[in-house]
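First comes the structure, then the notes that go with it.
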Amino acid sequence: MTGFGERDGAPRAGVRWSLIVPVKHLGMAKTRLARAAGERREELALAIACDTVAAARTCAATAAVFAVTEDPRARAELSELGAVVVGGEPGGGLNPALEHGARIAAGRLPGFGVCALSADLPALRAEELERVLAAASGHERSFLADTPGVGTTLLAAAPGRLLAPAFEGASRARHLAGGARELSVPGVESVRRDVDTPEDLAAASAMGVGPRTRALLDLAPVVSPDAARRRPGPEDGGPHPGQHSARVP
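Residue numbers (the numbering used here): 1200 to 1448.
Okay, here's the thing in structure tokens:
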């Protein structure tokens, strides 16, 4: 029996992966960014998802990206990026949507690994994703924790194995309890840095986000509510109305 961090076997040479990327209906996406992003919240959510999918498709270990979404605009734009777009199971939630996408991927591309990937990775680097998937190739089921070490950004199942996702909230603990191996791969912060809050977005922006997200932030920066409250006014030596303050993405 393998222990924590041990491999289930030798890495499977040449394993390629079907990536399952769940994308919420834009009207319900990125609600924790609502105060900071305002009316651009849906546009920002779509930009982040598009940058995630675009980067994932360029990873050498990726066989295909399956985007699971019911949102009409997301379906159209992700399809243009080359993703295989499939509908979710209405009202089923995140994990049923991932299971649905995994079944479709396994049916269309048998013999490939299946990997659930967060749609909230605007700084994703293809080469870092490739290293994570290479590490996953030696396990039956494995996952990568998010930057805080509470959630999960990636869950992988070897060819022929069930994905058994347990995302949302404290999913790291649930995936460990479910028998998945936690991956420890240095230098893959872009795969771990998912974005839910203005502070997350600032951290991702400092790493370098994809072109869709960058263009949106350059057009109109997102400022956290706390930063907005702390922003100095004219009486403090800060900018007068109409002047541009320093951007806090």
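Here a beta-carbon is modelled for each residue, glycine too, at the ideal position from N, C-alpha and C.
Query, Result
"Other residues of its chain near arginine 1373: CB distance less than 6 Å, five sequence neighbours each side excluded", "Ala1365"
"Length-filtered (3 minimum) beta strand (DSSP E) runs lying within the segment 1340–1387", "1340–1344 and 1351–1356"
"Distance, serine 1341 Cα to leucine 1316 Cα", "12 Å"
"Supposed contact pair valine 1264 and leucine 1218 - C-beta distance, whole angstroms, cut 8 Å", "5 Å"
"Cβ neighbours of glycine 1348 in the same chain (closer than 8 Å, five flanking residues each side left out)", "Arg1371"
"Distance CB(leucine 1280)-CB(alanine 1253) smaller than 8 Å", "yes"
"Alanine 1456 - DSSP class collapsed to helix/strand/coil", "Only positions 1200 to 1448 of the chain appear in the structure, and residue 1456 is not among them; the question remains open."
"Rounded separation between glycine 1291 and isoleucine 1303 - CA only", "16 Å"
"Range of the contiguous alpha helix (DSSP H) that encloses leucine 1277", "1271–1279"
"Contacting residues, own chain, Cβ-Cβ under 8 Å from histidine 1299 (five flanking each side not counted)", "Val1267, Val1285, Gly1287, Glu1288 and Gly1291"
"Contact under 8 Å by Cβ, serine 1389 with arginine 1324", "yes"
"Alanine 1244 to lysine 1229 span [Cα, whole Å]", "6 Å"
"CA-to-CA distance, aspartate 1345 to aspartate 1207, given in whole angstroms", "For aspartate 1207, the pLDDT reaches just 46, beneath the cut-off of 50, and the residue's location in the model is therefore unreliable, although a value from the coordinates is still provided. Answer to the nearest angstrom: the Cα atoms are 23 Å apart."
"Identity of the residue in Ala1318, Cys1249, Leu1353 and Thr1396 nearest arginine 1330 by Cα", "Leu1353"
"Pair within 8 Å by beta-carbon distance, proline 1358 and phenylalanine 1311", "yes"
"Cut-off 7 Å between Cβ atoms - residues of its own chain near alanine 1482, not counting five sequence neighbours on either side", "Nothing about residue 1482 can be read from this structure; the chain reaches only from 1200 to 1448."
"Of the residues Ala1248, Val1387 and Ala1301, the one placed nearest alanine 1363, counting alpha carbons only", "Ala1301"
"Alpha carbon of glycine 1213 to alpha carbon of alanine 1335, nearest angstrom", "12 Å"
"Boundaries (first-last residue) of the alpha helix (DSSP H) holding glycine 1306", "1293–1307"
"Integer-rounded CB distance, given that aspartate 1319 should sit under 8 Å from valine 1387", "Not confirmed; about 16 Å, so no contact."
"Residues near glutamate 1242 by beta carbon distance below 7 Å, same chain, minus five either side", "Leu1415"
"Test item: CB-CB of valine 1222 and leucine 1277 under 8 Å", "yes"
"Status (buried if at least 16 other CB within 10 Å, exposed otherwise) for glycine 1350", "buried"
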